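What follows is a set of notes on a single structure, which appears directly below.
Shown next as structure tokens:
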């Protein structure tokens, strides 16, 4: 052991007022050190008042012993203690107790100066952080003071009583939301956290904040407490999701395809699969506009900071242009990683690099969190306490503590962490908005959504951490009520993959400090892993032959089925002749019982096949039956569909025994299903496949109304780009208020259609403009929709009147393709086959020589198809009506038009198109009046009647609800 270092201060008593003249530095020197093999962490503490860290300046080479010099500037008065930790070499890293010795001093206020009052003034001058939009580098340098409960008194802060006071450079105030305020959240909001175990601490702090004492009683041993996959919690309209995201293991295209091993275990499999799955999950997050997150925190890396180890720009570029949320990036240093390593110069250089990187992203929605700055003051208060200050540590820790709520009631606290909780509060601020405005919304406005007060949580958690998991669209198990202790059935089985012994002959490429100690990284070539043996190939050949044989048998059965279909669809005399020519000994008809031996065998085969299928798909059938049980109008609808499907396949006069065979098979399958043990009342919820949508957790899902929107830069069609965005938002709000789910498609959805390239080439060849091309894209996007509750599409300037979700469920049961606005595609429905049937016809008719007097567009093509083809037989259109009102259904009045309830109730919706709005405004005088708005032309190419359709449509929805339905 080397002699104990002797930290010293510049003065035993410091006048706090001196800071206004010259920084009142407290200089701390460490003698007899072992730098650079060891570094030191210097923490300054005043119990219940303040905690902070000293910054390393330099080696003092001109002093005896070449001491390490640290500096600290006091913020508040108090009695302070200096605590020094020796961050040892990597070999003895895990155990780092405070060094022996007491080093104390006092800071006092000068007469007439009060630290507490000064802090209050500083806070009052700062705007809420979530309102600062003009500083992309807002959190790149995170600096400030941690003020304890003994100093700030009743100032709103964290549950522990501590408060983070940002520095003058940050100059913004982190607002703190109480549990009572979170319980009153009136709108659906969501927070997504993508990171490793350190960022999971933020997720757990948020869970601990939004759940009540009973719900979180088993948080410590629940499945979400340590999930290496995906988990989310939904309570009071606030959804908090965690996705395991070890992004420092992402790779750029063309990178080595080696396996990556940590000691003896595989952490990343060979190839680019891990990185590609990260891209897929990112696309999944933004697939459905109705479930876009309010704010995302994404870890970009882990050890050694982030220096562009993979293509971060890929993720930024794929942010939808219409997303109005915030993306907060961090380098994974919430553990105060390397907090004592290096000097301030290296740290400043790194932060400057990050600052330039953030500005280079050129997206004001993106900020970077200085993880070391956030956590460095609390490195002593991490998961394992002051005896474990190290290069990698968790700041969240399970605890059994309590705090006083705003009503003076003691409440349990199961996650104790100032660091993760302050970030959680920052995320809540971005999700809910400025606190003052949020409280006004609670007090003055009614919620558009029913508050989800019941806790719902879903998870897809693998059994082992390694290899690292990023799984797109994982099958999630869900539960409701209180958290319960993790059960074996809730964990996805698996085992870590071991690296071959030959890998250990490769020198380590890196040494990584983890929470459990040092691990050695090795890049192991793919060929080192087990290759298939001759026996494996023989087994594969055998399986292939068996599959081929089964395919041949299936073809024979299919051929026999086709014969039966043809016979049943033929006139009686043809069937008689066919039977005689094949030496059949009986005539197959609806009235006869006997059938030829070949057909007798066939119905037995059908019975067996259906029984097997029923067994294999028992979960799906159970789901269908459950949906039917919840369908109060017709609890046998799906069974009826099965009957109709069978008749469609085999004709209305299928042989009795043939039908009997299918029925026996299905009956056997249902009996087998019924014999399985019954589950508790939440079983159907637990087995629900949840991806990222909280509103999918219902006994029977709501219908989904979709629209298409791909912004034109600068706006178009008489509206600014902002006007279009406002109209889309109003469209979503309106349909959801009538019970619908909503989804906004964009160009990316259209591109997924297999005929997108063909359509785009033809659109280019005929010279359609950008707007008209988007009008065709919407058909392609809709034709990709395979959601059983989907198939609907409307223009985003079409707003519902009598078309509630319940009415939508009835209408969507009508088969075929349906248009309630004839050739104007403002309200449509069809199943996927029907959509693609229309799309195929449209693409075939994108021609410059199309015989029409109008300029080519999707509507013109639909008109052409209507005039030249049979609606039902050729196009599969079963509904061609005019049930959508064109414009605003109001009584004309030049001063203030009022809604015409008699007219409005007759229509499913109102299409407030550009042309209809112009006529309502200029000629009909039925355009709803907006207070404080006026003028025909607002700016170049932007017209009043078009620009304010979002606002006027909202007025129409409110008037219809209040005046025509009696709802407030």
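Numbering (my numbering), first residue to last: 4 to 971.
We put the CB at the ideal spot given by N, CA and C, even for glycine.
None of these values were measured; they are calculated from a predicted model.
The beta-bridge partner set that DSSP reports for residue 525 consists of 264.
The secondary-structure analysis by DSSP pairs residue 147 across a beta bridge with 169. With 16 or more other Cβ atoms from the protein chains shown falling within 10 Å of its own Cβ, residue 950 counts as buried. Distances from the CA of residue 288 to each of 55, 434, 860, 326 were compared; the closest alpha carbon is that of 326. Proximity to residue 384 across 371, 399, 786, 372 peaks at 399, based on C-alpha coordinates.
For residue 194, no alpha helix (DSSP H) segment is defined; the enclosing uninterrupted segment is the beta strand (DSSP E) at 192 to 198. In this structure, residue 334 sits away from residue 145, with a CB-CB distance that is not shorter than 8 Å. When DSSP states are grouped into helix, strand and coil, residue 827 belongs to the coil group.
Judged by their CB atoms, residue 438 and residue 131 are nearer to each other than the 8 Å cut-off.
Taking C-beta atoms as the reference points, residue 855 and residue 893 fail to come closer than 8 Å. The way I'd put it, the region 907 to 922 does touch the region 823 to 830; three or more beta-carbon pairs between them come closer than 8 Å.
Within the same chain, and ignoring the five residues on either side of residue 56 in sequence, the residues whose Cβ sits closer than 8 Å to its Cβ are 44, 45, 46, 47, 75, 342, 379, 380, 382. As DSSP reads the structure, residue 235 sits in a beta bridge with 244, 461. Judged by DSSP in its simplified three-state form, residue 817 adopts coil rather than helix or strand. By the Cβ-count criterion, residue 49 is buried, with 16 or more other Cβ atoms from all chains shown falling within 10 Å of its own Cβ. According to the DSSP secondary-structure assignment, residue 75 is paired through a beta bridge with 29. Here residue 511 really is in contact with residue 524; their C-beta atoms are around 6 Å apart, less than 8 Å. Per DSSP, the unbroken alpha helix (DSSP H) holding residue 123 starts and ends at 118 to 128. Going by DSSP, residue 184 is part of the alpha helix (DSSP H) stretching over 182 to 186. For the pair residue 331 and residue 300, the CB atoms are nearer than the 8 Å cut-off. Here residue 747 has 292, 710, 712 as same chain residues with Cβ atoms under 6 Å from its own Cβ, once five neighbours each way along the sequence are excluded. Spatial neighbours of residue 839 in its own chain (CB-CB distance under 6 Å, excluding positions within 5 residues in sequence) are listed in chain order as 786.
Residue 326: not part of any beta strand (DSSP E); DSSP gives it neither H nor E. Shown here, residue 433 sits in a helix according to DSSP, grouped into three states. Comparing alpha-carbon positions, the option among 504, 440, 418 lying closest to residue 134 turns out to be 440. Taking C-beta atoms under 8 Å as the contact rule, residue 233 and residue 479 qualify, at a distance of about 7 Å. Residue 753 is classed as buried because its beta carbon has at least 16 other beta carbons within 10 Å across all chains shown.
In the displayed model, residue 946 falls within a strand according to three-state DSSP. Per the coordinates, the alpha-carbon of residue 763 lies some 8 Å from the alpha-carbon of residue 776.
Per the Cβ contact rule, the region 415 to 427 is in contact with the region 196 to 211 (3 or more Cβ pairs under 8 Å). Distance between residue 180 and residue 428, taken at the CA atoms: about 7 Å. When the alpha-carbon of residue 521 is set against those of 743, 32, 266, the nearest one is in 266.
Residue 780 has its alpha-carbon roughly 23 Å from the corresponding atom of residue 881. Checking the DSSP bridge columns, you'll see residue 271 partnered with 263.
Bounds of any alpha helix (DSSP H) do not take in residue 229, whose DSSP letter is neither H nor E. The three-state secondary structure of residue 894, taken from DSSP, is strand.
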